[in-house]
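Final position of the sequence shown in the numbering used here is 989; the numbers increase by one with none missing.
Here is the structure we will look at, set down as structure tokens.
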Amino acid sequence: MANLKPWYKVVTPREDLREGKPLDASEFAVHLDHVRDGRAHIDYQKPDRFFERTFLTKNLMGLAAQVVRRLSGEKTETSAIFNMTTQFGGGKTHALTLLYHLANNGPKAKNYRGVDRILEQSGMKDVPKAPVAVFVGTDFDSIHGRGGKDGTPNRKTPWGEIAFQLSGETGFSVVEEHEKQKVAPSGEVIREFLPKNKPALILVDELLNYISRNRKSGLSTQLYNFIQNLAEEARGNDRVVLVASIPASELEMTAEDQADYSRFKKLLDRVGKAVIMAAESETSEIIRRRLFEWDSRAVSQSGHVLLPKDALAACKEYADWIKEHKQQIPSWFQDNAKESFETTYPFHPMVLSVFERKWQELPRFQQTRGVLRLLALWVSHAYQQGFKGAQKDALISLGSAPLEDSQFRSAVLEQLGESRLEGALTTDIAGKKDSHAVRLDQEAEETLKKARIHRKVATVIFFESNGGQTKNAATVPEIRLGVAEPELDIGNTETALDALTDACYYLGVERNQYRFSLKENLNKRFSDRRAGIKDKDVDKLVLEEIQKVFPATEGVERIFFPKKSNQVPDRPVITFIVLGPEQSIQDDPEIEKKMESMTKECGTSARTYKSALIWLVPDLAATMLEESRKLLAWEDIESEGLKLDDAQEKQLLENIKKAKRDLRESIWRTYNKVVLLGRDNTMRTLDLGLVTSSAAETMCKLVLNHLRQTDDIVKDVSPRSLVKNWPPAFTEWSTRAVRDAFYASPQFPRLLTHEAIQESVVRGVAEGVFAYVGKSPKGGYSPFYFKKQLRSEEVETSEDMYLIKAEEAEKHIKPPELARILVSPSQGHLQPSKKQTFTAKGLDQFGRDFDLKDLEWSTTGGQIETDGVFKAGVDEGNFLVVARCGKINGEAAVSISKDIDVGPTPPPPGKAKKLIWSGEIPPQKWTTFYTKVLTRFASGEGLRISLNIEVAPKDGVSEQKIEETKVALRDLGLKDDVKTS
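The following block contains the structure:
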């Protein structure tokens, strides 16, 4: 609709409407006496302006043409008497005014808009100029009379007044005696005061008003006789026309009025012709001509307005929307939608349709005058709002009615005849800053807010549900059609209906039919009860419902609403910690620090299984609390045992059901933050997004599914991943330590069940990735499983059962083979004929000691005994000492020289009691140092390691790293007395 021009830039309202001048219904209720006296509104007084604003309906055209024919002396296709029987406010006086201007202006009337068509239909060349007598029952007083002080005769009867207007004092003198005696003249007397040899037009309006006021004096009976005699005389005269309008408002008729109305109507129907002024199909054209300014070139020969191209474009867009959604709107509107929009432009067809379909049955409703009054106020307000930039509607739709304007509301309620609806209007629709529909629009998302969808829907319901006596409700198809416009998402109508149903106090709903009335609905009672609900009851219900949303789930423990770290057990199992509503991320700025502290500590001790904790944190608790309060309020109403009708009883049950559902959904939406320990040992937050209960069976399963997708939780672990993450300090890794690593270290994913470790061990042993072993009291491993089939129930998670890598396991299943012989000392320096003892040590393929059997010694110089004692010869030089066992040799170099200073013979090599080393190790070589130096002693006894660590970077050590170091030391069971300076 962005390309469609707003209606107020396509057509122009009347000047007074553009200026927003106060309008009164009387402006649309012309007084014939005022026109005759020259004191009517300019639009009625000046004939050219009057015809500019008058649409000649089929019936009005026919009446005018017949009157012109009769005044011209033609007696065929015409009548001398016309009885205008139309609903109160239905345009009869407007028709009388048109006839007045025609006869009063005669041939000059030919220049007024539309008169040429009247002449064409009448078959006459000109409008004959004729004396006109006007009698208006509401203005004429038979006690005071008219005239006397202005030099004219004092007239106190209808016949005296009509005779004077037609023939002056001469005519009055004819009935002067009848005037005095207040007796109706006969036909002969009437014939005498009628103009001779020229036409005459007699217009009688509001006849019943005069009859009612003069019933006691007897004048009403005489008036009946006068009208009867006048009618008969007019019928006998070729150029006299009597046009009479009887009705007063039927709502105000007494029994006597009703009797007189019937009597006079029968008389006029018998002697004349009944005329109904405006057909429903012509109302829109009447309204357009009366409320808007149209260039003469924009009016067709038939008198219909020719729309500009921008208007036609708008009508097409609206009609296309109707065609697209024809299954969702009333079936009676689907035919000729484009023509319907063109006929009523700039109004939406439903604006006029609602008055025709429903409001015309109202006792106080004035079909033409009342609608004109309402629409004039409506157009004036919409025009001003449009140019202020507040609204850019392509059409004036039913939903845009300015109910916020007190003057317009008063006019509406006047037509309804029910001023008590003021409270319902201002409370639920518009007129106050906090009117429910206004508030809902303000709080809605931008698309709905811009469309003013809640106000429009509520306004359509009001107009559709308050007019008829039988169809006193608005159906969903009617509401959709009432707010229809291009680019409207039809689903937004139902969205607005749901919101209005929940919020409004005077909106009733039954079987998808909506109605505004004086009766308060359950929402009003709900509002009162809601205000009295105690906060503690609200909190209690929320906590109960939260626990229902997080039910027991396999593999997961739950801790609800802890305040202290010791309320969260330190166990190797995934633990969901559900924080309370008051601990939401937005309400508690310290909550992240609290979670980190409780994750890393358990009471006064360091927490071991930090990675096991999964925090479920509410984003903002306000919605949960509000939904809880609503549910308690509805349940309070139910418990009170009020006398509700069937519809209210049904609505109450539906509201309780909906409130329970809304509370549950609010909990799902609120707990959309998951916090856990990240791989960098800091707290990490995951946002679940917009969550609904349809996303998973339970909230626990939803969180588990999300954590599986991010690999923070896994169902199983591969044997090779265990090897990949094997602690470098461990040759043997206990199965308990393996399990604990998945719940203690953020470097590992969390395991949903402990059985995953057992399954991984079974696969790893079978595939030869590692061995599963226990320690024998005599040394070695027992049991020992490697490359064997193992059942998961045979795998024990304890400190006494271990995993060892494949290369270590191989050492315990392959037989030892001699791989090397070490000869010691590896070098010797002797004088000739001196002795040196050599020893030999065997090592197997894994570097372990190997018993040397059948060892053979040999040398390239000198002599060597079987026990390794070497005796140098007399020859000087360099020689080899060789120890052989099978195919493996070990060698030592011997240098013989006379110049060597030989000290005392060293004792044979033996075992040292202690090995001590101290020195600095580059940080990058710490792992290498452990592997190559310490591991050869790690499996034995007597290894004691003392460390001095000094960390002094240029930029200093942060408080966070100091604290992390302390925590790590505590995790290892070491003192955390770190010194800083």
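For each residue, glycine too, the CB sits at the ideal point set by N, CA and C.
Who are residue i's beta bridge partners in DSSP?
i, result
"Glu609", "Ala614"
"Ile812", "Glu740 and Ala779"
"Ala282", "Asn91"
"Lys838", "Per the sequence shown, the amino acid found at residue 838 is Leu instead of Lys. Looking at the DSSP assignment, Leu838 forms a beta bridge with Ile904."
"Glu7", "Residue 7 cannot be examined here, being either before or after the span of the chain that is shown, 9 to 989."
For residue i and residue j, what's the separation of their Cα atoms in angstroms?
i, j, result
"Lys441", "Ser418", "18 angstroms"
"Ser361", "Trp386", "16 angstroms"
"Ala827", "Thr868", "23 angstroms"
"Gln392", "Asp303", "22 angstroms"
"Gln656", "Leu403", "37 angstroms"
"Leu411", "Ile645", "32 angstroms"
"Gln95", "Lys366", "Any reading at Gln95 needs caution, since the residue's pLDDT is 47, under 50, leaving its predicted position unreliable; the model's value is listed next. Using only the alpha carbons, I get a separation of about 15 angstroms."
"Ser905", "Gly885", "7 angstroms"
"Ser989", "Ile970", "12 angstroms"
"Pro14", "Leu320", "12 angstroms"
"Asp695", "Lys681", "5 angstroms"
"Gly97", "Leu380", "Because Gly97 sits at a pLDDT of 44, beneath the cut-off of 50, its placement in the model cannot be relied upon, and the point is left open."
"Pro589", "Phe568", "11 angstroms"
"Ile821", "Gly950", "27 angstroms"
"Leu660", "Arg488", "26 angstroms"
"His837", "Val831", "15 angstroms"
"Ala901", "Trp925", "29 angstroms"
"Leu526", "Trp329", "35 angstroms"
"Gln6", "Gly855", "The question about residue 6 has no answer here: the residues shown for the chain are numbered 9 through 989."
"Thr434", "Glu528", "14 angstroms"
"Met9", "Lys324", "Confidence at Met9 is low in this model, with a pLDDT of 48, below 50, so its placement is unreliable and no value can be given for it."
"Gly782", "Leu860", "31 angstroms"
"Glu1067", "Lys618", "Outside the displayed range of the chain (9 to 989) lies residue 1067, so it cannot be described from this structure."
Less than 8 angstroms between the C-beta atoms of residue i and residue j, yes or no?
i, j, result
"Asp268", "Leu315", "no"
"Thr761", "Met809", "no"
"Ala452", "His462", "yes"
"Ala242", "Leu276", "no"
"Lys2", "Glu187", "No information on residue 2 is available, as it lies outside the stretch 9 to 989 that the chain covers here."
"Ala492", "Leu448", "no"
"Leu406", "Gly490", "yes"
"Ile6", "Ile829", "Given that the chain is displayed from residue 9 to residue 989, the structure contains no residue 6 and the question cannot be resolved."
"Thr20", "Glu350", "no"
"Phe355", "Ala409", "no"
"Leu211", "Val142", "yes"
"Ser194", "Asn237", "yes"
"Gly280", "Asn119", "no"
"Arg677", "Val711", "no"
"Glu662", "Ser701", "no"
Helix or strand or just coil, what does DSSP make of residue i?
i, result
"Glu23", "helix"
"Val484", "helix"
"Phe558", "coil"
"Gly97", "No answer about Gly97 holds up, because its pLDDT of 44 lies below 50 and its placement is not dependable."
"Lys17", "helix"
"Ala704", "coil"
"Asp149", "coil"
"His42", "helix"
"Tyr120", "coil"
"Trp865", "strand"
"Lys544", "helix"
"Gly850", "strand"
"Arg856", "coil"
"Val910", "With a pLDDT of 49 at Val910, under the threshold of 50, the modelled position of that residue is not reliable, and no figure is offered here."
"Ala492", "coil"
"Pro831", "One point to set straight first is that residue 831 is Val, not Pro, in the sequence displayed. The answer is strand: DSSP assigns Val831 an E or B state."
Could you check whether the Cβ of residue i sits closer than 7 angstroms to any heavy atom belonging to the ligand PLP?
i, result
"Gln173", "Ligands in the displayed structure: none, and consequently the ligand PLP is not present."
Mind the definition here: the region 102-116 touches the region 52-63 only if three or more C-beta pairs lie below 8 angstroms; say whether that holds. yes
Pairing CB atoms from the region 625-642 with CB atoms from the region 543-555, are three or more of them under 8 angstroms? yes
Cβ contact (3+ pairs, closer than 8 angstroms) linking the region 68-82 and the region 141-161: no
Assess, as a yes-or-no matter, whether the region 788-808 is touched by the region 743-754 under the definition of 3 or more beta carbon pairs within less than 8 angstroms. yes
Counting beta carbon pairs with one atom in the region 605-612 and one in the region 566-581, are three or more of them shorter than 8 angstroms? yes
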